[in-house]
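The block underneath contains the structure these notes are about, expressed in structure tokens.
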Amino acid sequence: MNVRQNGAARTRRILVGVNLAAAAVLASQLMVVAPANAVPGLVRVQTTGPANSDWKTTNAECPAGTTVLGGGGRINAASGQVVMDTMLPFVDGSAYSVTGREDDNGFAANWSITTTALCAPAPAGLETETMFSPDNSTDKSVTLPCTPGKKALGAGGELSGGLGQVVLEELRPDADLSSVTVTGAEDANGHTGNWRITAKAICVTPPAGLVRAAGPFGLLDSTSVKTNTATCPSGKRVHGVGGEIEGGAGQVRMTGVLATSSTSVTVTGMEDENGFSGNWGVRAYAVCA
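Just so we're aligned: the sequence shown equals residues -38 to -1, 1 to 251 in mature numbering (1 follows the signal peptide of the UniProt record, and there is no 0).
Structure (structure tokens):
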């Protein structure tokens, strides 16, 4: 456990006797054919829950015959005073779940959660890995590897015991997709109680052309709201979602981490109601195939 504190090219066999001109025509035809989904039957499901001022959970359920490969969520109309402290796949793979909690100052207005799930019939080698951090009152991070030879499509994280006073700063598929990283940080008021991270990685036998796309990381500054979008390379679709806040010191919340289309992921960061004088940035990640 690593816990810190604070397509594939396709071989074409040409039979002996086929002339070179015919082979060239065949190659040209293969290049213009649109690629199939790396994971067949991939669909994106989106659900928006009720608007009120209570802590709440909204689940996006996968269609029958499919399982969740990844997901994310967005807090609607909360002005930076609601923390998404849970973004997790269901244990049985039937849905993706997002929970929001108001911070320790509360928030009088109504707000809601939009949750997305990326679903498909179970791909080869599907397994979900789980890791827990220590249970204490220290900022912490967990890096969870997939089984050797497998790659991460989706990620999940939960801040158990954070009670709206701990911010999810990273929910990130790592660069080579062999692991995911989940990081939590206490907010500006701190948190006297113990809390821990539950990290999830949805891992598969890597499909053809699997890559991680990252949004362009702009200059760090103190703009109160920032949005960043990661877009899949041409011909690829989003299979998993991730995001991170850099330099937020617990005073910046990810208020949106979700696939906004079949080819892009958008992440929004927002300073808390007291603002933040430091420089910070936000970045989106899309797992594409």
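Ideal Cβ placement from N, Cα and C applies to all residues, glycine included.
Quiz item: If you count every other CB in all the chains shown that lies within 10 Å of the CB of residue 168, and 16 or more means buried, which is it?
Solution: As a working mapping, residue 168 is identified with position 206 in the sequence shown. The residue is buried, with at least 16 neighbouring Cβ atoms inside 10 Å.
Practice problem: Work out the CA separation of residue 211 and residue 186 for me, nearest whole Å. | Solution: Residue 186 sits at position 224 when you count from the first residue of the sequence shown. Residue 211 sits at position 249 when you count from the first residue of the sequence shown. Each residue's alpha carbon lies about 14 Å from the other.
Quiz item: Got a sec? Which residues, its chain only, sit under 7 Å from residue 11 by beta carbon, not counting five neighbours each side?
Solution: Mapped onto the sequence shown, residue 11 falls at position 49. Closer than 7 Å at Cβ, skipping near neighbours: 18, 20, 74, 75.
Exercise. Taking residue 235 and residue 43 to be in contact with their CB atoms under 8 Å, please state how far apart those CB atoms are, rounded to whole angstroms.
Key: Residue mapping note: residue 235 aligns to position 273 of the sequence shown, counting from 1. Residue mapping note: residue 43 aligns to position 81 of the sequence shown, counting from 1. Going by Cβ atoms, the distance from residue 235 to residue 43 rounds to 6 Å, so yes, they are a contact pair.
Quiz item: For the beta strand (DSSP E) that residue 189 lies in, which residues bound it at each end?
Solution: Residue mapping note: residue 189 aligns to position 227 of the sequence shown, counting from 1. Run containing residue 189: 187 to 193, per the beta strand (DSSP E) assignment.
Practice problem: Could you tell me which of 180, 108, 147 sits nearest to residue 46, measuring between CA atoms? | Solution: Numbered from 1 along the sequence shown, position 84 holds the residue referred to as residue 46. Closest option to residue 46, Cα to Cα, is 147.
Quiz item: To which residues does DSSP link residue 33 through a beta bridge?
Solution: Translated into the one-based positions of the sequence shown, residue 33 becomes position 71. According to DSSP, residue 33 bridges with 79.
Quiz item: Does DSSP put residue 205 in a helix, a strand or coil?
Solution: Residue mapping note: residue 205 aligns to position 243 of the sequence shown, counting from 1. Correct three-state label for residue 205: strand.
Quiz item: residue 82: which of 135, 26, 131, 61 sits nearest, CA to CA?
Solution: Position 120 of the sequence shown, counting from 1, holds the residue named residue 82. Distances from the CA of residue 82 to each of 135, 26, 131, 61 were compared; the closest alpha carbon is that of 26.
Quiz item: Can you list, in chain order, the residues of its chain whose CB lies under 7 Å from that of residue 142, leaving out five sequence neighbours each side?
Solution: Here the question's residue 142 lines up with position 180 in the sequence shown. Counting only Cβ-Cβ distances below 7 Å, and skipping sequence neighbours, we find 106, 114, 117, 134, 135, 136, 161, 163.
Quiz item: In this structure, what does DSSP give as the bridge partners for residue 160?
Solution: Here the question's residue 160 lines up with position 198 in the sequence shown. Residue 160 pairs with 94, 120.
Quiz item: Apart from the five residues on each side of it in sequence, which residues of its chain come closer than 6 Å, Cβ to Cβ, to residue 192?
Solution: On the sequence shown, position 230 is the one that residue 192 refers to. Residues of the same chain with a CB within less than 6 Å of the CB of residue 192, apart from the 5 flanking positions on each side, are 175, 176, 177, 227, 246, 247, 248 in chain order.
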